[in-house]
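If you read the sequence shown in this note's numbering, its first letter stands for residue 13, the second for the next number, and so on.
Built from N, CA and C at the ideal position, the CB exists for glycine as well.
Computed from a prediction, not measured in an experiment: that's the story for all the values here.
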Amino acid sequence: MADDDDDQDEVQESMEDQTAAAAGLDSRVKASLVLGTESFAISSESGILSEQLAAMKEKSMEILKGYITKHNAPADVPDEPIEGLSDDEGDAPAKNPPKKPKKQK
Numbered sequence: 013m014a015d016d017d018d019d020q021d022e023v024q025e026s027m028e029d030q031t032a033a034a035a036g037l038d039s040r041v042k043a044s045l046v047l048g049t050e051s052f053a054i055s056s057e058s059g060i061l062s063e064q065l066a067a068m069k070e071k072s073m074e075i076l077k078g079y080i081t082k083h084n085a086p087a088d089v090p091d092e093p094i095e096g097l098s099d100d101e102g103d104a105p106a107k108n109p110p111k112k113p114k115k116q117k
């Protein structure tokens, strides 16, 4: 039984050492995001590995959202269609043609 207690103590100390070593590392999660000609470096500074990954995901999603917003918004397209121009002018017959009166006998 005494050997089992010693083994458990060693395992506990080993786990504590690993946790302390992991906490001592600055950044275990780093990424480089390249979008077109722009490049972004993403890293997470604190927390355990899963927290660093979650933080990196949030940062990368913010960068991606900003990039899409910046590059997909055309600057010279009007919000309202220009009057007089219609996509279906002359292409299709009128939607509601005038009804003919019924003949009475």
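- Looking from the CA of Leu76, the closest CA among Leu61, Lys111 and Leu47 belongs to Leu47.
- DSSP places Glu50 in the strand class (E or B) of the three-state scheme.
- Burial of Ser56 is indicated by the presence of at least 16 other C-beta atoms within 10 angstroms of its C-beta.
- The shortest C-alpha to C-alpha distance from Glu70 to any of Ile54, Pro113 and Lys115 is the one to Ile54.
- According to DSSP, residue pairing for Ser55 in a beta bridge involves Lys42.
- The three-state secondary structure of Ile60, taken from DSSP, is coil.
- In this structure, Leu45 keeps its C-beta atom at 8 Å or more from the C-beta atom of Ser62.
- Within the model, the alpha-carbon separation for Ser58 versus Glu92 is close to 49 Å.
- Between the alpha carbons of Glu50 and Pro110 lies a distance of about 59 Å.
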